[in-house]
Structure formats: C-alpha cells, structure tokens
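Residue numbers (our numbering), protein chains in the order written: chain H, 59 to 514; chain L, 590 to 910.
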C-alpha cells in the first residue's frame, strides 16, 4: 500500500476518523499500532515478525542500558542492540550483495557461490536506523528509556514514517505519543495541504519525469547527447520530487493525526555548496549520519587528514545505506570527495558559480546512482559530454515537468513561497486545491509507480 | 468560508475544463455505419496520447478523409487495418491515405476504413460494401500483427449505452476522470486489495498462451475469405513493429518470421500480393529515422509516425500507381 493508491486513501480516512474519535491515549495508540502493522502487512505479513523482533530487542536494550550504572553492562546492551539492528540490515539487505561481489572476485578460480533467496523487507533501512538512535541516545544519556512498550512499538511502526522516513528521533516522537494530541483545525488543514502537495509532487512531476528517465537509463547508447542531458535532469527531478513528495505526504499525514515530524528537504537544488546540499537533502538521514557516525569517528576536530577520512567513511557508508550495489558506493565516494574538495579549497564561492559547480557534481552523482552498473554510467556521461548521435527524444510532458521544477524552485526564493503553502484564508487556496485534485485524477500516469526510496 | 471554498472549487474546475483539451483526448459517440460502429461524420476527434493530433471525421466514419470524390481516372483503394493504419496520432495530411494519394499524384484515391481494434472479421464484413458504395477496386491491408489474420474472432464490441450517453453528454475531462478512477492500467476494472500480502502473481496457463497462436490453416482460410469477398485486387502490406526499442535494446528480429513465410505462400495460392516492409523499416531506423513512436510516447515504440506512414504510403503508391 503506497500513499498514492486508492487503498491508502480509504485506509487513512478510516484511521483518521477513528483516531480523532478516541478519547484516551492508550486507546488511540493501540488503534494506531494496529493500523501501522496492518499497513506494513499489506506488503507482506511476514515482515511484521521482523518489525516486532526489532522493537522487542531495542525496547529491552533501552531499558537495561537506562537502568544500569555499570559502564560495561550498558556497553554490552548497546552492542547487542546495534549489532542486532546492523545484523538484520546486513543479512536482509547486503548478504546477497557481498555474496555476488565475492563470487565475481573468485569466479576466475572456477568457484561459484549461489545467492540466497532473501526478500528485502520494505523500509528496513529506516526503522533499523530509527531504533538504533533510540538505544544510542539512551546510552549517551540524552534521553531516558520509555517504560511503555506500546508507545515504543508505535514509535517504531508508526505508518506515516515506517517505510521511507523521515527518520524521526525518539525524543521527537515519543513525547508526542505520551498524550492525546489537541485538535487543531489549522494544523489539520496544513497537514491536508502538505499531503496534497506531496501527491502532486510524486504523481504529476516525479512519475512523469521517471517515464523518460527509466527508458533512457536502460539504454543510454541509443540516445542523442541532448536527450541524455534531458534524461539526467529528469532523473534529478524524479528522485527529488519522488522522495520529497513522499516526505511531504508522511509529514502531512502525521500532522492530520496531530503529530509533528521534522522536515526532510529544503530545496536542495538551490544549494551553493556540497555542504549546503547535504543540509537540504534528506535532512533526517544527514543528521543521523552526522550524529551517530561522523562525530563518533572524530568529526572535524582531529586534524585535516582525519576530517577527510571521516567524511569519506561517512559518505561511503551513506552511499551503501541507499542500496546494495557498487554504483551506490561510488555515489557515496563521489559525494565524499566533493565534500573533501570543498573543505580543501576552503573558500566559499559566489552564488552563481557555487551553484553551477554544486549542481554539476550532484547531477553526475545521480547518473552513478541511477545507472544499473558502472559501465552504463560511464557510457551515459560519455554520451552527454561527446554530444553523441542517436535518437532525439524530447517528450513534451517531461519537458513541462522540468519547467515546473525550475519554476517551483525559482518561486521558492521569492515571497511566493508563503503562497505556495496555500494558506486557508487566501482567496486562491480553494481554486488551487480544486485544480490539484482534478489534475491528480486526470493526469496521473497509468500503472503502479512505487516510491524510489522504498527500495532502500 | 463555505461559500468561498465552493466558489473556489467551481472556478478551479472551470480552469481544468478550459485547459484539459490540451492534454485530454476526446470522447465521441459512435453510430452504425458500413455495418460497424464508427465515429459520426463531421466531428473532430482529438488524440492526446502518443502524438498530439486532431482528426476530422469524414463520411462513413473515415478518419481524416472528408470527401469520397476523386479524380476521374484515379484508382479507388480501400485501406484496411487496425490503429496503425487508422493513424489518429498524426494530423490528417500525414495519415497513410493522404500520403499515398500525394505520392501517387492523386492517381490513387485511398479510403481509410481502418479502425482501432479491427481484425479480419471486421474487414471481411465491409469489403463488399466498399466496392458497391465507394467503387473500390483495390484493397490494401496493413498488417502489423499476423494474429489479426484469423477467422472466428469475436467482432469488435458494441459500445455500452453508458459509454454512448457519456460521450454525448459529458465533457471529456469528466469522462477521463471517471475512467482513470474506475479502471487500472490496461483499462481493466480497478480492483482494490485490502488483505495482507504477499500477493501471488497469477501465472498464465499453457492454454492461455496457446489461445493467441494462429495456425497456418487458420490464416490460409482467412486469406481465402478475403479473396472471396473482393472483386478487386488485394495487397497485404506487412509492417510489424520493427525495429523497436524495448528495455534499452533495439529489437530488429521479427519473431513471426516463419509465420510470415507461410503467409506469403498462402497469399500466392489465393492470388493476393504481399509487400514486406521490414527491411525498409530497419534501414530507416538505421538512418535515425524511426518509423514508430512519438515524442509524447517513446521514439522507437508504439504507433506508426509520419516516417512510418511515408514508408507505407510510398509502398502503396508504387504498387498500385
């Protein structure tokens, strides 16, 4: 069940009505927990066991760490929690990747290793990171453990953020789950508009851009240089509007239920440096990597060479987090190198030049990210730079979607930014809302288009 | 507040109604003409899927041809086929019939009688009529899929009363919205699933697969039926979807090559001439002139475009001129 399907809309309508009809906190949290497990079971009921296991281990580990004053005991329970989460993630997500990599390395020796029939549970990368942050924060004494297993189970499984984030910290959500939210018509309206805005981003922009990107990335050698450039820009737009659309829908749905999630995107393509880009792109992952990987490694406080090393480790693992393929690793390394280069040069470039360099680095990164393998990525970049001869394909709807992307980014830098949120008291809000609803029904591409980040 | 939202919703709907013709295809009621359900003469049919084009519907529901008159010495040719021959993705002057007339310097008068979804049974039912009413002396069949040359197929479905009513009374954007909500990809009724997963994918049975295969005997019988129904000459133009870009690869090999060989033999036996345009299509694509596909769809996939129509039109003109 994905947010743009009719099933979700009906499911969400029922949950919304039932949740606001609940008087007590426990009643409401039980309802939301059952709804969240049903939401997850809609993909595959077998995944629910894993979710329960992860919840149980981290709940118990959190309690033990919090209750103990003995450093060794606390550390033991933290190691158990982290290794369980990483073990689950490693087995389900990376096991076959490592088997395939080893297999191809030893293939010249005539040894073949078969991969395992493992199904990747949806959202595993998100909920394992979320639960790890809980036990690590307790270990660091930033938060106390929760004594209500129901609230913790809901924190882990809460359906708006379960399968693709935002990665919400325990200290952000658990206090909200401890009480029944107060009804606010203004917040409900704001949540609805954000949900609607996210749907428009996903269905009308990302899916349209994806139609072209999918086809061209499947065979870049067939297309002309101009078509490759448009496809690369289209993919940059697709992944941004797909993921930020999902985030908007998740944040909007949670807001309609009375909860607040952190923002996940701030128009990253307006960034004027790589550092700026990572403060705007997938913010909840960036800060997770910063707080639980980069800073523990030493951050930028232990000399220049250590900083470069820490950046490279963080970004490489960040790349690997996205998917079990060498192209993702290379994408992480590429971004790590860009961040190191920026730090090495040490000057902040003026706006137009900084933006051009940043967007170029990001665009090349997306080609690595999207291509099925490295030779294909190399052919894509080569075709763009050589302006190769081939099929000239300029789909009008893709070009319109790209123009919409440019217009939306330009408008965000002006006072129109507030108007784009469609305030309830503005005269144009009903008109724009009606147009968006009609457009979603009329112009949605046919077929099933899952969110790109679901595969991570 | 409520008034503001209701009036705002109405204005928003009006804006969508005014702009939707740019992106939404038109829906027209059909009427019985030449024994089949066809669009009514005098109407305009807007196609907005792969290519953006408006087609004027002529007499007898002919797409793009608004008159049955021709030069006195012109040969009168009926063009049969499915949506590939119908050509609603391109403007009227770029349709096969118009290009063939132009290529023959109007020594041919081509009647576009093809309709989307038509197959042998549909054509056979209209051939006698075309000779008697339009004075057709030559029949050209544009075949993209050999399975269309098969007898005992169900006739094209009769439009439902609801479809006819909606096409006559409702604006296109409302019909398109209802269709999008009620149907899934491939025009199947939308089914909602609320039971937990995983979903078992349905596997086609061997019987299902075999049911689409056409035997050589079926095809021979079909050609004989075509021959029996026509006094004039019959020409089959074979132009499958080749070459095609599928999953990033160019597919140039015709999977129906051996069936086509059988078809040629059966055609000779039935005194039907066959034109094979596969090589011309391949050569055209090799020059980066792809015969199929549109910018709004995918170049190298889908319906015939102007390049493809020109290849076919020249083949018709060269054969019948």
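All residues carry an ideal CB built from backbone N, CA and C; glycine is no exception.
- The beta carbons of residue 503 of chain H and residue 884 of chain L sit about 16 Å from each other, so the pair does not count as a contact at 8 Å.
- Under the 10 Å beta carbon count, residue 449 of chain H is surrounded by 16 or more other beta carbons and is classified as buried.
- For residue 698 of chain L, the secondary structure class from DSSP, reduced to helix, strand or coil, is strand.
- Under the Cβ criterion of 8 Å, residue 277 of chain H is counted among the residues facing chain L.
- Remark: C-beta atoms of residue 833 of chain L and residue 889 of chain L approach each other more closely than 8 Å.
- With respect to residue 729 of chain L, residue 668 of chain L sits close: the two C-beta atoms are nearer than 8 Å.
- Every alpha helix (DSSP H) stretch that sits fully inside the segment 711-783 of chain L and reaches 4 residues is listed by chain position as 750-758 and 761-771.
- Proximity of residue 679 of chain L to chain H, defined by a Cβ-Cβ separation below 8 Å, is not satisfied.
- Fully contained in the segment 464-508 of chain H is no beta strand (DSSP E) run of length 3 or more.
- Around the beta carbon of residue 87 of chain H, a 10 Å sphere encloses 16 or more other beta carbons of the protein chains shown; the residue is thus reported as buried.
- Here residue 626 of chain L is bridged, per DSSP, to L:621.
- Boundaries of the alpha helix (DSSP H) around residue 908 of chain L: 895-909.
- Following the DSSP letters along the chain, one finds residue 838 of chain L inside the beta strand (DSSP E) bounded by residues 838-840.
- Within 10 angstroms of the beta-carbon of residue 269 of chain H lie 16 or more other beta-carbons, which makes it buried.
- Annotated as distal: residue 853 of chain L and residue 493 of chain H, with beta-carbon spacing of 8 Å or more.
- Checking the DSSP bridge columns, you'll see residue 668 of chain L partnered with L:701 and L:729.
- Note that the segment 482-501 of chain H does not touch the segment 297-316 of chain H; fewer than 3 beta-carbon pairs, one per stretch, sit closer than 8 Å.
- Annotation: residue 213 of chain H to residue 99 of chain H spans about 17 Å, alpha carbon to alpha carbon.
- Only residues of its own chain outside the window of five on either side were considered, and among them 184, 187, 188, 342, 343 and 346 have a CB closer than 7 Å to the CB of residue 225 of chain H, listed in chain order.
- Taking all protein chains in view, the Cβ of residue 137 of chain H is surrounded by fewer than 16 other Cβ atoms within 10 Å, so the residue is classified as exposed.
- With respect to residue 848 of chain L, residue 867 of chain L sits apart: the two C-beta atoms are not nearer than 8 Å.
- Here the alpha carbon of residue 228 of chain H sits roughly 12 Å from the alpha carbon of residue 236 of chain H.
- The beta carbons of residue 870 of chain L and residue 831 of chain L sit about 5 Å from each other, so the pair counts as a contact at 8 Å.
- Counting along the chain, the unbroken beta strand (DSSP E) around residue 823 of chain L starts and ends at 822-827.
- The contact set of residue 770 of chain L on chain H, defined by CB atoms closer than 7 Å, consists of 499 in chain order.
- By the CB criterion at 8 Å, residue 191 of chain H and residue 350 of chain H fall inside the cutoff.
- Residues of the segment 99-110 of chain H with a Cβ closer than 8 Å to any Cβ of chain L, in chain order: 99, 100, 101, 102, 103 and 104.
- Counting only Cβ-Cβ distances below 8 Å, residue 280 of chain H has contacts in chain L at 834, 837, 839 and 889, in chain order.
- Contact annotation: the segment 649-668 of chain L touches the segment 716-728 of chain L, with at least three C-beta pairs closer than 8 Å.
- Taking a cut-off of 8 Å on C-beta distances, the segment 406-417 of chain H does not touch the segment 366-374 of chain H, as fewer than three cross pairs fall below it.
- Against chain L, the CB of residue 181 of chain H has no partner CB under 8 Å away; the residue lies outside that interface.
- Only exposed fits residue 443 of chain H, as fewer than 16 other CB atoms lie within 10 angstroms of its CB.
- Unbroken beta strand (DSSP E) stretches of 3 residues or longer found wholly inside the segment 254-300 of chain H: none.
- Within its own chain, the residues whose Cβ lies closer than 6 Å to the Cβ of residue 279 of chain H, once the five positions on either side in sequence are excluded, are 437, listed in chain order.
- Interface criterion not met: the Cβ of residue 67 of chain H is under 8 Å from no Cβ in chain L.
- Identification of residues in the segment 636-659 of chain L having a C-beta nearer than 7 Å to some C-beta of chain H yields an empty set.
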